[in-house]
Each structure stands twice: as C-alpha cells, then as structure tokens.
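Numbering (the numbering used here), first residue to last: 666 to 759.
Here it is as structure tokens:
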C-alpha cells in the first residue's frame, strides 16, 4: 500500500474478526513556500482500508514493514490440511 508522506507511527493495523484493518493519517505539512510553486496538490487526512481475510491465513504470523512510503503487510498461509479419505460402506438392501 503506497502511503507517501505518512509517518509509520501514524499507521495502525488491526485484525477485527476476519477483517484486516489498516488506518492512519497523512498530516498536513505547513512548511510550503508559496513563491516557489505555481500550484500544489497534496492529499492529507485520515485513511482506512478494510481487507476481508479468507480461510487459510495464519493470523498469528501476520507482519508489516514500512519502507520509503510503502507499507507491506504479509499474510502467510496456514499449512495446508491433508485431505481426509473416509471409506463409506455400501450395504445391500434386503
């Protein structure tokens, strides 16, 4: 998730039931020199992203890292369950 201009301390990641919630705030910077710019367009304010997690995610091993304005969240898969094979007996009707 690209979050340029956001301080990692202003990002919160939580797990709410089966939903990963990423929220934070891009704070307005007042250090803008008006005479150097013809026009300045910057987004600021709060943001929130909710990502529903399917089955097969190991919730205890979710991790996140932040580098140069990019937030990376890793959602490792659980060990795949081996399929069970059950023999069903076929009975003859009398």
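Cβ coordinates follow ideal geometry from the N, Cα and C atoms, glycine included.
Around the beta carbon of residue 680, a 10 Å sphere encloses fewer than 16 other beta carbons of the protein chains shown; the residue is thus reported as exposed. For residue 736, DSSP records a beta bridge to 731.
In the DSSP annotation of this structure, residue 722 is not part of any beta strand (DSSP E), being labelled neither H nor E. Distance from the CA of residue 716 to the CA of residue 731, rounded to the nearest whole angstrom, comes to 18 Å. Beyond the five residues adjoining it in sequence on each side, residue 691 comes within less than 6 Å, by CB distance, of 670, 671 and 709 in the same chain, given in chain order. Cβ atoms of residue 668 and residue 736 come within 8 Å of each other, at about 5 Å. In the DSSP assignment, residue 678 falls within the beta strand (DSSP E) that extends over 676-681.
At a Cβ-Cβ threshold of 9 Å, residue 741 and residue 726 count as neighbours. Around the beta carbon of residue 689, a 10 Å sphere encloses 16 or more other beta carbons of the protein chains shown; the residue is thus reported as buried.
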